[in-house]
Amino acid sequence: MSVFEVNVECSAATVEAVHCPNCGKGAERHHLSDRQLIQVQCPHCDYLMVTCAATGNVREAYAPGIAAY
């Protein structure tokens, strides 16, 4: 897996290639340092998880195929 820098909506982000925790295929982890957010997204299964980098609290999540209780 690799790490590279990109600009996302005028904000610096570090992007890592990771395995999706939902389907196991290739996904991306974006570290949005100016907003203190970490976003994991998978184009294969539409998984999305946005967490606060400081606290680890989940800000937004979507994982089709995982039942919500």
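Residues in the sequence shown are numbered from 1411 upward in steps of one, following this note's numbering. The C-beta atom is built at its ideal place from N, Cα and C for all residues, glycine as well. On a predicted model such as this, the values are computed, not experimentally measured, just so you know.
Q. Which residues mark the beginning and the end of the beta strand (DSSP E) in which Cys1462 is found?
A. On the sequence shown, residue 1462 is found 52 positions in, with the first residue counted as 1. Annotation for Cys1462: the continuous beta strand (DSSP E) segment containing it runs 1458-1462.
Fill in: Backbone secondary structure at Asn1417 - three-state DSSP
For the purposes of this step, residue 1417 is taken as residue 7 along the sequence shown, with counting starting at 1. Confidence is the limiting factor: at Asn1417 the pLDDT is only 48, short of 50, which leaves the residue's position unreliable, though a coordinate-based value still follows. The answer is strand: DSSP assigns Asn1417 an E or B state.
Margin query: Less than 6 angstroms between C-beta atoms, sequence neighbours within five positions excluded: which residues of the same chain meet that for Met1459?
Written below: Along the sequence shown, one-based indexing puts residue 1459 at 49. Shown here for Met1459: same chain residues with a beta carbon closer than 6 angstroms to its own, the five before and five after excluded, namely Val1450, Ala1471 in chain order.
| said: Using 9 angstroms as the threshold, is the C-beta distance between Thr1465 and His1441 below it? | reply: Here residue 1465 refers to the residue found at position 55 of the sequence shown. Here residue 1441 refers to the residue found at position 31 of the sequence shown. Not a contact, by the Cβ cut-off of 9 angstroms.
Exercise. How many whole angstroms separate the CB atoms of Ala1437 and Tyr1457, which I take to be in contact at a CB cut-off of 8 angstroms?
Worked result: Stepping through the sequence shown from its first residue, residue 1437 is reached at position 27. Stepping through the sequence shown from its first residue, residue 1457 is reached at position 47. With a Cβ gap of about 7 angstroms, Ala1437 and Tyr1457 count as contacting.
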